[in-house]
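Worksheet: one structure, shown below.
Number of protein chains: 2
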Amino acid sequence: MLQLDYKSGVPICEQIVNGFIRLKALGVLNGGDQLPSVRSLAIKLSVNPNTIQKAYAILESDGVIYSVKGKGSYMAEGSSSDLAVIKKAKENFKQAVTSANQLGLTNLELKELVDEVLKEEAE
Amino acid sequence: MLQLDYKSGVPICEQIVNGFIRLKALGVLNGGDQLPSVRSLAIKLSVNPNTIQKAYAILESDGVIYSVKGKGSYMAEGSSSDLAVIKKAKENFKQAVTSANQLGLTNLELKELVDEVLKEEAE
DNA sequence: TTAACTGTATTATTTCGATTAGTACAGTTA
DNA sequence: TAACTGTACTAATCGAAATAATACAGTTAA
């Protein structure tokens, strides 16, 4: 369900946040679905519960999930494409495209790089 | 000439490396042009000389610049530095693809964004 | 030759963010 | 009541990045 890369340099908390956003965007998790509890996910991922807590707090403030004390945390309703984080991600990517293009990379080259990266990711 | 964002989270050293690569790619700096000295740039950017030293060392190992003890550091000539610039641009872009994909953006969506941006650029 | 530049090297220290650790409190449910 | 849930808080640990302080070596011009 969630896959962490402990040696990627990307903060664990951020990986968890992005992971749930991804699961929502891909339709693996839908509005109303319950997330693992803070403690159980911490054990499963072998990280500190505080790290999960922090990730869930960020997800909630981003409107991706909502939490109910004593019950659990749940995926928020609504289209993932409407999420502010997705919009921000698109803006960041467009910025990257602009930068790469200014450094001389062509449309075709950029698309080849997209394929190259996503092929690696799939493994 | 070089613009740093101290609160971006991106290491200063990395910003300096990318900055000179960008200046080379944009034609602001050309082969043979002398770079600011380690100490003067450190003062100008209000950072430690060791940070500049580290950035220059990375640029030199990447073939973007060359340094002569006692004289200074200079932009590398022609193809070698061009290759380094392209290589760096590709690395940066691949990183952006990975980030965007982690948030759920698909191969197709990313390619559409590439088209969207480059269509705007062409105008 | 000397003074003032240049790059380079080295070690120690500081700083800061991320994470861990431990504990406590509050709400829900069987 | 017991065992779950989320939440809050402080302290400690860890590591990467940057700083600090020197020292050494080559170049250049007065």
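From first to last, the protein sequence lines are chains A and B.
Counted from 1, the first sequence has number 75 at position 75 by my numbering; the numbering is strictly sequential.
Numbering-wise, my numbering comes out as the position in the second sequence, counting from 1, plus 1000.
Just so you know, even glycine gets a beta-carbon here, dropped at the ideal spot from N, CA and C.
Keep in mind it's a predicted model, so treat the numbers as computed, not measured.
Next item on the list: Tell whether a beta-carbon distance below 9 Å holds between Lys1044/B and Pro1036/B.
Entry: yes
Check: Could one say the Cβ of Glu1116/B lies closer than 9 Å to chain A's Cβ atoms, at least one of them?
Finding: yes
Next item on the list: Using alpha carbons as the reference points, say which of Ala1076/B, Gly1032/B, Tyr1056/B, Asp1115/B lies closest to Asn1018/B.
Entry: Looking at the Cα atoms, Tyr1056/B is the closest of the given residues.
Checklist line | Sequence ranges, alpha helix (DSSP H) only - wholly within the region 1034 to 1073 of chain B, length at least 4 | finding: Positions of the alpha helix (DSSP H) runs, each at least 4 residues long and wholly inside the region 1034 to 1073 of chain B, are given as 1038 to 1045, 1049 to 1061 in order along the chain.
Next item on the list: Kindly say whether Ile1086/B, judged by its beta-carbon, lies nearer than 9 Å to any beta-carbon of chain A.
Entry: yes
Next item on the list: For Leu136/A, I'd like the list of residues in its chain whose CB is within less than 6 Å of its CB, leaving aside the five on either flank, ordered along the chain.
Entry: The question about residue 136/A has no answer, for chain A in this structure spans 1 to 123.
Next item on the list: Could you check the C-alpha separation between Leu1004/B and Arg1022/B for me, to the nearest Å?
Entry: 13 Å
Next item on the list: Keeping to the same chain, check which residues put their C-beta closer than 7 Å to that of Ala1084/B; ignore five residues upstream and five downstream.
Entry: Asp1062, Gly1063, Val1064
Next item on the list: Using beta-carbon positions only, say whether Val117/A and Lys1111/B come within less than 9 Å of one another.
Entry: Judged by beta-carbon spacing, Lys1111/B lies beyond the 9 Å limit of Val117/A, meaning their Cβ atoms are not closer than that value.
Next item on the list: Report yes if the C-beta distance between Lys90/A and Leu1108/B is below 9 Å; otherwise report no.
Entry: no
Checklist line | Interface residues of the region 1006 to 1029 of chain B facing chain A [CB-CB below 8 Å] | finding: Ile1021, Arg1022, Ala1025, Leu1026
Note to self: Using a Cβ-Cβ distance cut-off of 9 Å, determine whether Val1064/B contacts chain A.
What the structure shows: Between Val1064/B and chain A, the shortest Cβ-Cβ separation is not below 9 Å.
Margin query: Within the continuous alpha helix (DSSP H) that includes Glu1091/B, where are the two ends?
Written below: For Glu1091/B, the enclosing alpha helix (DSSP H) has its first and last residue at 1078 to 1102.
Next item on the list: Check the C-beta distance from Ser73/A over to Ser67/A and give it rounded, since I have them as a contact under 8 Å.
Entry: 4 Å
Notebook entry, point to check: Taking only beta-carbon atoms, is Lys111/A less than 9 Å away from chain B?
Noted result: Chain B, which has a Cβ nearer than 9 Å to the Cβ of Lys111/A, makes this yes.
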